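Counting in my numbering, the sequence shown tops out at residue 459, every number present.
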Amino acid sequence: MTDRSSTTERLWTRDLVLASLANLVLAFVFYLLMTTMALYAVERFSATDSAGGLASSMFVIGAVVARLFAGNLADLVGRRRILVVSMVVFVVASFAYLPVDAAADSLGVLLAVRAVHGVAFGIASTAALSLAQSLIPASRRAEGTGYFTLSTTLATAIGPFLGLLLVHGPGYDVLFVVNGVVAVLGIVFSVLLLRTPDVLPGPDERARLRRFHPRDMLHPDVLPVASFMLVLAVSFAGVLTFLNSYAEDAGLESGASIFFLVYAVVLFGTRLVAGRVQDRRGDNVVVYTALAAFAVGLVLLGLATSDAVLVVAGGFLGMGFGTLMSAMQAIAVGRVPMRRVGVAVSTHFFMVDLGVGLGPILLGVLLDAIGYGDMYLVLAGTVVLSAALYHGVHGRKERARRRAVATLETPLDRAPVPAQG
Numbered sequence: 039m040t041d042r043s044s045t046t047e048r049l050w051t052r053d054l055v056l057a058s059l060a061n062l063v064l065a066f067v068f069y070l071l072m073t074t075m076a077l078y079a080v081e082r083f084s085a086t087d088s089a090g091g092l093a094s095s096m097f098v099i100g101a102v103v104a105r106l107f108a109g110n111l112a113d114l115v116g117r118r119r120i121l122v123v124s125m126v127v128f129v130v131a132s133f134a135y136l137p138v139d140a141a142a143d144s145l146g147v148l149l150a151v152r153a154v155h156g157v158a159f160g161i162a163s164t165a166a167l168s169l170a171q172s173l174i175p176a177s178r179r180a181e182g183t184g185y186f187t188l189s190t191t192l193a194t195a196i197g198p199f200l201g202l203l204l205v206h207g208p209g210y211d212v213l214f215v216v217n218g219v220v221a222v223l224g225i226v227f228s229v230l231l232l233r234t235p236d237v238l239p240g241p242d243e244r245a246r247l248r249r250f251h252p253r254d255m256l257h258p259d260v261l262p263v264a265s266f267m268l269v270l271a272v273s274f275a276g277v278l279t280f281l282n283s284y285a286e287d288a289g290l291e292s293g294a295s296i297f298f299l300v301y302a303v304v305l306f307g308t309r310l311v312a313g314r315v316q317d318r319r320g321d322n323v324v325v326y327t328a329l330a331a332f333a334v335g336l337v338l339l340g341l342a343t344s345d346a347v348l349v350v351a352g353g354f355l356g357m358g359f360g361t362l363m364s365a366m367q368a369i370a371v372g373r374v375p376m377r378r379v380g381v382a383v384s385t386h387f388f389m390v391d392l393g394v395g396l397g398p399i400l401l402g403v404l405l406d407a408i409g410y411g412d413m414y415l416v417l418a419g420t421v422v423l424s425a426a427l428y429h430g431v432h433g434r435k436e437r438a439r440r441r442a443v444a445t446l447e448t449p450l451d452r453a454p455v456p457a458q459g
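Structure, rendered in structure tokens:
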């Protein structure tokens, strides 16, 4: 029996397009600055390498803190309203780099700006993602999530490239102007979303949400699958943080220069089909395939002796980790009622951000003992073992659900004939 609902329910609407554009702005600014802040702090403030790394990661720290209450806040106040308010703060913080750069006498002020910028990003991105999930039909959730998150994929490809181009060309002042101008576009897209009113919770629900109880900040039904993403995010942090150092050490700078471009291109193509497969054939087929691709990419990275192998590894990682990000987000949202989708999204990304933040610290200790290549091989083994965690928190139940659906959809004329006694 074919489920025709996935082909008849409309996916793209005006508001989903606007939410996607707002998310593109947020992700673009994140990647534009994330790849340049550490070097900027060292060059402009004569900071140490560790202080430069803190200038980069302070944004993520702010975002992690914001994730704790962002979903609850979005569900309480309204996703559209909180998106506009947080986007205003995001724009102010985006332009704040200009006076900080002009003064050039306080690294502490830069760290404070990065923290505020990260908090605004965490709230705004949670609101945009939650709004998108409320607009995507349930029967096309994985497909719609995959399409929506292509805005982040595009930012992954363009942001770091443009950031390094501006830094090595016109300079940091132009980088910060571009950063602010792009952020203003986010306000425009967000304000246009206000034309449709928010659907707010009832009085009893609002009274409960105002208490900001821990279970309303990190949803207990989402935490198990989010813990799986924490493990994967720690593994991917090894790529984000140490790829350039590894490539320089191995003489593979040319491959590293297009690594994330290939990652984004492959991910873009994969997401065009992965969501549809997940909606029609279930979560497991997509998740296990993506885990295998992620592990293969890390093995290739650990064994790379040429630029070509490094680039191919980027493709496998895009097919792997990039696909898992959208697939697991769809799974997380499917575990809660639609009125709690904000907390589901914030719980998912809280664990992802936590993994990206903890990864460099944990893996830095590992690097001192075994080196880059072996570290990536260890991470590949970790990804393989994480399949058991996924099976325990979701895969087993998903397999049982798919069997039950298959049994219900078996036509009568194909049903098993009882044995004759």
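Built from N, CA and C at the ideal position, the CB exists for glycine as well. All values derive from a computational prediction rather than experimental measurement.
task: Give the secondary structure of Ala134 by DSSP, where H, G and I count as helix, E and B as strand, and everything else as coil.
output: coil
Alpha-carbon to alpha-carbon, Leu145 and Tyr69: 21 Å
task: Would you kindly work out how many angstroms separate the C-alpha atoms of Gly320 and Ala328, rounded to a whole number?
output: 13 Å
message: Taking only three categories from DSSP, how would you classify Leu290?
response: coil
field: Residue closest to Val129, alpha-carbon to alpha-carbon, out of Val383, Ser88, Ile225
entry: Ile225
- request: Name the two residues that bound the continuous alpha helix (DSSP H) containing Gly408.
  value: Reading off the sequence shown, one finds Ile at residue 408, where the question assumed Gly. Where Ile408 is concerned, the enclosing alpha helix (DSSP H) stretches over 379-408.
field: First and last residue of the uninterrupted alpha helix (DSSP H) at Leu305
entry: 297-319
message: In whole angstroms, give me the CA-to-CA distance for Ala76 and Ala112.
response: 32 Å
message: Let's see if you can read the secondary structure: which residues bound the alpha helix (DSSP H) around Thr361?
response: 361-371
Residue nearest to Val136 in terms of C-alpha spacing, selected from Gly411, Gly335, Asn282, Val219: Sequence inspection shows Leu at residue 136; the Val mentioned does not correspond to that position. The candidate whose alpha carbon is nearest that of Leu136 is Val219.
The alpha helix (DSSP H) enclosing Val220, as first and last residue numbers: 210-230
Cβ-based neighbour list, Asp259, same chain, cut-off 7 Å, excluding 5 preceding and 5 following: Arg373, Val374
- request: Along the alpha helix (DSSP H) that carries Ala76, what are the first and last residues, could you check?
  value: 75-83
task: Tell whether a beta-carbon distance below 8 Å holds between Val138 and Val147.
output: yes
task: Determine the direct distance from the alpha carbon of Ala442 to that of Phe297, and round the result to whole angstroms.
output: 42 Å
task: Could you tell me the boundaries of the alpha helix (DSSP H) in which Thr164 lies?
output: 145-173
task: Kindly indicate which residue of Gly430, Ala351, Asp53 has the alpha-carbon position closest to the one of Ser168.
output: Asp53
query: Taking the continuous alpha helix (DSSP H) assigned at Ser189, which residues delimit it?
result: 188-205
message: When you compare the segment 420-431 with the segment 266-278, are there three or more beta-carbon pairs, one atom per stretch, that lie closer than 8 Å?
response: yes
field: Ile369 to Glu81 span [Cα, whole Å]
entry: 43 Å
message: Let's test the definition: count the other Cβ atoms within 10 Å of the Cβ of Thr445 and tell me whether it reaches 16, buried, or not, exposed.
response: exposed
- prompt: Measuring CB to CB, does Gly293 end up less than 8 Å from Leu348?
  reply: yes
query: Can the beta-carbon of Asn110 be found less than 8 Å from the beta-carbon of Met255?
result: yes
query: Going by other Cβ atoms of all chains shown within 10 Å of its Cβ, with 16 needed for buried, is Ser58 buried or exposed?
result: buried
- prompt: Can you give the Cα-Cα distance for His206 and Val263, rounded to whole angstroms?
  reply: 41 Å
- prompt: Where does Ile161 land, buried or exposed, given buried means 16+ other C-beta within 10 angstroms?
  reply: buried
- prompt: Residue range of the alpha helix (DSSP H) that Arg48 falls in?
  reply: Taken as a continuous stretch (DSSP letters only), Arg48 belongs to no alpha helix (DSSP H), as it is neither H nor E.
task: Using three-state DSSP, classify Ala342 as helix, strand or coil.
output: coil
query: For Pro235, is the classification buried or exposed, using 16 other Cβ atoms within 10 angstroms of its Cβ as the cut-off for buried?
result: exposed
message: For Val103, tell me which candidate among Leu310, Phe388, Thr74, Ala346 has the shortest Cα-Cα distance.
response: Phe388
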